[in-house]
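FYI, the numbering for the sequence shown is 565 to 642, going by the working numbering. For reference, the structure is listed below as structure tokens.
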Amino acid sequence: MKLCLTTILAPFCIAGPLSYGICQTGCNAVVVACYAGAGLTFGTVTGGAGVPAAALACNAGLGVCMAACVAAGCSPTP
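Structure representation (structure tokens):
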């Protein structure tokens, strides 16, 4: 089903992978700064009961940012 939807929507994506990649890079830079501000290192916190609340908040923000990158990847660019 996903492949079919991707095939149908592909002609409507104009900006392409470059905009999507740039957006994801920005999201990752922000989440690394978020983790650093909380005194943590991004990529070293594993799931479980002992996860700091700051890490969960940073991850939630990362998820929202990455979802917005889909729009950046499919929006027209001049």
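Built from N, CA and C at the ideal position, the CB exists for glycine as well.
- Using a Cβ-Cβ distance cut-off of 8 Å, the region 584-599 and the region 619-635 are in contact, since at least three pairs of beta carbons, one from each stretch, lie closer than that value.
- Taking C-beta atoms as the reference points, residue 602 and residue 622 count as a pair closer than 8 Å.
- No Cβ-Cβ contact shorter than 8 Å links residue 587 with residue 618.
- One Cα belongs to residue 604, the other to residue 616, and the distance between them is close to 9 Å.
- Straight through space, the alpha carbons of residue 597 and residue 607 are spaced by roughly 12 Å.
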